[in-house]
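Peer 1: Sending over a structure as structure tokens; questions will come in a sec.
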Amino acid sequence: MADVDTLILQTPSNTLYLSGYQSTNCQIILTKDNSYFLTDMRYFLEAKQVLGNRFEILCQSLDSSQDLICGDKIGFEDDISYGQYRLISKLVGGRQLCSVSHVISSLRDIKNSYEIKCIRHAQQVTELAFDEALKIVKEGLNEVELAAYIEYIMKKNNCQAAFESITAFGRHTASPHAHPDGTALKNGDFITMDIGARYKGYCSDMTRTVGYGQISSKQCEIYQHVLTAQQLALDSLKAGMSGKEGDAIARDYFKSNKLDGYFTHSLGHGVGIDIHEGVGLTPKEERVLLPDMVVTVEPGLYIDGEFGVRIEDMVLIKDGGIMDLTNTNKKLIIL
-7 MADVDTLILQ TPSNTLYLSG YQSTNCQIIL TKDNSYFLTD MRYFLEAKQV LGNRFEILCQ
53 SLDSSQDLIC GDKIGFEDDI SYGQYRLISK LVGGRQLCSV SHVISSLRDI KNSYEIKCIR
113 HAQQVTELAF DEALKIVKEG LNEVELAAYI EYIMKKNNCQ AAFESITAFG RHTASPHAHP
173 DGTALKNGDF ITMDIGARYK GYCSDMTRTV GYGQISSKQC EIYQHVLTAQ QLALDSLKAG
233 MSGKEGDAIA RDYFKSNKLD GYFTHSLGHG VGIDIHEGVG LTPKEERVLL PDMVVTVEPG
293 LYIDGEFGVR IEDMVLIKDG GIMDLTNTNK KLIIL
């Protein structure tokens, strides 16, 4: 995997990726001859049950594991805290430290069948939560109540929320990442729901914008522009295309309709164990999309003081196009 004698991993997403087990306290040490999983008594028995013989499970901390570190070249992650870096530096002494973050990231970019299965299941639960949420929408409901109900449905179906649910009403929808508060739903509001479930460590991500009551012609027009931009991207994305080229599909459409000033974020991002990981669909992303990457496609338009619209699907990149992992209807729903 990497040209090092010992590899030390501490970030939760990477330890989960390599082991399939997650806890709030674990580190992995890999040498050419051994695989060690370090944890404490809270997780020791469970880790042994889950990991079996794939790792030697040790109930000890990293700072007492100096004798497990072999060789002259020691691999580490460069996105750890300064305190974690100081500890590794102390443990390896004068030996060479080599960052392996780019190697692990490139492995995680490409999803295997198990990972895709987990992501698809998480997406199915996300769609269920969305469908159930529509049933409780009524005037006077507030944003926090809607977010709480969505996350309740996810937990009821053996998932966690992959991130803090974004549920925004009315003018709040003009803020792409609005924080839910006590704002109550009223007639004529758009409702934005940016939600995702986490299943066995893997995330899903979906956004839908729906209307409540009497919706204006302007709201309908903006919604249609966002939907058209997304469909253009979905029809064009494929392996071999750079993230920059992917972003430009929607951005150029908005520009041709003099709406690009209202598109205030990138077209999408990679999804996996982390809700944002890997190659993104951004204006500066030179890396290319590869088969079996999972990315979001989420154009949006945001009119300050009025409303915003975002529509987001999660897709699997294929050689000749994409497989849309999102099955929820995108025709404008008016409740």
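Take the sequence shown: its position 50, counting from 1, is numbered 42 in the working numbering, and each next residue is one higher. A virtual CB, placed ideally from N, CA and C, is assigned to each residue, including glycine.
#1: Tell me whether the region 145 to 153 and the region 166 to 174 touch, counting them as touching only if at least three CB pairs, one residue from each stretch, are closer than 8 Å.
#2: Nearest to G246 by CA position, among F299, K148, Y294, is which residue?
#3: Where does the unbroken alpha helix (DSSP H) through S105 begin, and where does it stop?
#4: If I'm right that F299 touches G162 with Cβ under 8 Å, what's the distance once you round it to whole angstroms?
#5: Helix or strand or just coil, what does DSSP make of T165?
#6: Can you give me the Cβ contacts of Q19 inside the same chain, cut-off strictly under 6 Å, excluding the 5 residues immediately before and after it?
#7: Give me the residue from L50, F36, L37, N45 with the minimum Cα distance to I21.
#8: Using three-state DSSP, classify E156 as helix, strand or coil.
#9: Spatial neighbours of L(-1) within its chain, please: C-beta separation below 6 Å, excluding the five flanking residues on both sides.
#10: Among E269, I303, S73, which residue has its Cα nearest to the Cα of V287?
#11: Roughly how many whole angstroms lie between the Cα atoms of F182 and H164?
#12: Using DSSP bridges, identify the partner residues of I267.
#13: Measuring alpha carbon to alpha carbon, tell me which residue in Y194, G205, Q223 is nearest I325.
#14: Just to confirm, is the Cβ distance from L317 to Q41 under 8 Å?
#15: Skipping 5 residues on each side, what residues in its chain have a beta carbon closer than 7 Å to that of D173?
#16: How many angstroms separate the CA atom of I61 from the CA atom of E38?
#17: For G235, does the three-state DSSP call read helix, strand or coil?
#18: Comparing C-alpha positions only, which one of R87, E131, S157, G132 sits nearest to E143?
#19: Between D(-6) and the rest of its own chain, which residues show a CB-CB distance below 6 Å, the 5 nearest in sequence each way excluded?
#20: What's the gap between the Cα of E213 and the Cα of I207?
#21: For the region 75 to 85 and the region 95 to 105, state whether three or more C-beta atom pairs, one from each stretch, are separated by less than 8 Å.
#22: Hey, out of Q58, A125, D64, I241, whose CA is closest to S258's CA?
#23: Going by C-alpha distance, which of M306, K148, A139 is nearest Q223?
#24: Hey, would you say L328 sits closer than 8 Å to I309, going by beta carbons?
#25: What would DSSP say about V84, mapped onto helix, strand or coil?
#26: Within the same chain, show all residues whose beta-carbon is closer than 7 Å to that of M233, passing over the 5 residues directly before and after it, in chain order.
#27: Residue ranges of each alpha helix (DSSP H) run of no fewer than 4 residues wholly in the region 233 to 321, ordered along the chain?
#28: Just the C-alpha distance for I265 and N6, rounded to the nearest angstrom, thanks.
#29: Cβ of I145 within 8 Å of Cβ of E124?
Peer 2: Let's see:
#1: no
#2: The sequence given here has Phe at residue 246, not Gly. The option with the nearest alpha carbon to F246 is Y294.
#3: 105 to 128
#4: 7 Å
#5: helix
#6: Q2, L30, L54
#7: L50
#8: coil
#9: L22, G67
#10: E269
#11: 9 Å
#12: According to the DSSP secondary-structure assignment, I267 is paired through a beta bridge with no residue.
#13: G205
#14: No. Outside cutoff.
#15: E135, V136
#16: The straight-line gap from Cα to Cα measures roughly 25 Å.
#17: helix
#18: The shortest C-alpha separation from E143 is found at S157.
#19: Contrary to the premise, residue -6 reads as Ala rather than Asp in this sequence. Here the set comprises G67, V92, V95.
#20: Distance between the alpha carbons of E213 and I207 is about 11 Å.
#21: no
#22: Of the candidates Q58, A125, D64, I241, the residue whose Cα lies closest to the Cα of S258 is I241.
#23: M306
#24: There is no way to answer for residue 328, as the model of the chain reaches only from -7 to 327.
#25: helix
#26: V280, L281
#27: 235 to 248
#28: Counting only the Cα atoms, N6 lies some 9 Å from I265.
#29: The Cβ atoms of I145 and E124 lie closer than 8 Å to each other.
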